[in-house]
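Below is one structure, written out as structure tokens; comments come after it.
In our numbering, the protein residues as written are 1 to 208.
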């Protein structure tokens, strides 16, 4: 499915209006089934929507989902959105289509119906990718997580403005206007900041 763009006068304005439109898009009643939104959350410009499909026909095929006693099951739809020149647009993809976006909140993932064990589907890969992304985000090392006095040894020396190079640092906590700042004192004697991506492969020694 491609993008659907609303004219400026018809575009939802504000997060509440946008949420209402997302709910409307994922709520429907067809000849064979109906859909009702269970939960919807926006991450960046992407909506992750858990909605319950309830069959009306006995021959409705729920695969690859394991339905509940009443035959209903909860699926996820990923909806990309954009705003440009006052116009709002969206592109919707079901989890079985293998969407690229993997920032789905845990509450949405937990609301989804389990998949049939032997079902080979993009939905399984997508859910696993989402949970892996959440684990990575949760365990990622950031400067603010490092306590005072932590020793940091980078995998490779980094070059700073002016040609200074360093690979070994000690964390220095300094008071800020709104919150504590985390700086790094290089063994060469200068203070600097280090981006999070350099810390992921660094040797970290937290003081006892």
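The beta carbon of each residue, even a glycine, is placed where N, CA and C say it ideally should be.
Contact belief for residue i with residue j at Cβ below 8 Å, rounded distance in angstroms
| i | j | result |
| --- | --- | --- |
| residue 43 | residue 23 | Not a contact, Cβ separation roughly 17 Å. |
| residue 108 | residue 199 | In fact, because the Cβ distance is near 29 Å, the residues do not count as touching under 8 Å. |
| residue 5 | residue 66 | Going by Cβ atoms, the distance from residue 5 to residue 66 rounds to 37 Å, so no, they are not a contact pair. |
| residue 81 | residue 90 | 5 Å |
| residue 47 | residue 40 | 6 Å |
Which of helix, strand or coil DSSP assigns to residue i
| i | result |
| --- | --- |
| residue 154 | strand |
| residue 53 | strand |
| residue 40 | strand |
| residue 95 | helix |
| residue 196 | helix |
| residue 144 | helix |
| residue 34 | strand |
Delimiting residues of the beta strand (DSSP E) encompassing residue i
| i | result |
| --- | --- |
| residue 76 | 73 to 84 |
| residue 166 | 165 to 174 |
| residue 204 | 203 to 205 |
| residue 4 | 4 to 6 |
Residue i burial status per 10 Å Cβ neighbour count (16 or more: buried)
| i | result |
| --- | --- |
| residue 190 | exposed |
| residue 100 | exposed |
| residue 35 | buried |
| residue 236 | In the structure as shown, the chain starts at 1 and stops at 208, and residue 236 therefore has no counterpart that could be examined. |
| residue 206 | exposed |
| residue 113 | buried |
| residue 88 | buried |
Extent of the continuous alpha helix (DSSP H) run through residue i
| i | result |
| --- | --- |
| residue 122 | 122 to 139 |
| residue 181 | No alpha helix (DSSP H) holds residue 181; the beta strand (DSSP E) holding it covers 181 to 186. |
| residue 18 | 15 to 25 |
| residue 108 | 106 to 111 |
Spatially closest choice to residue i from the options, by CA coordinates
| i | options | result |
| --- | --- | --- |
| residue 32 | 11, 59, 12 and 150 | 59 |
| residue 77 | 120, 55, 69 and 126 | 126 |
| residue 128 | 35, 68 and 110 | 110 |
| residue 150 | 169, 162 and 132 | 169 |
| residue 146 | 203, 92, 167 and 41 | 203 |
| residue 136 | 159, 83 and 196 | 196 |
| residue 75 | 139, 95, 83 and 3 | 95 |
| residue 122 | 144, 93 and 143 | 93 |
Residue i CB to nearest heavy atom of the ligand NAP below 7 Å
| i | result |
| --- | --- |
| residue 50 | With respect to the ligand NAP, the structure offers nothing, as it holds no ligand at all. |
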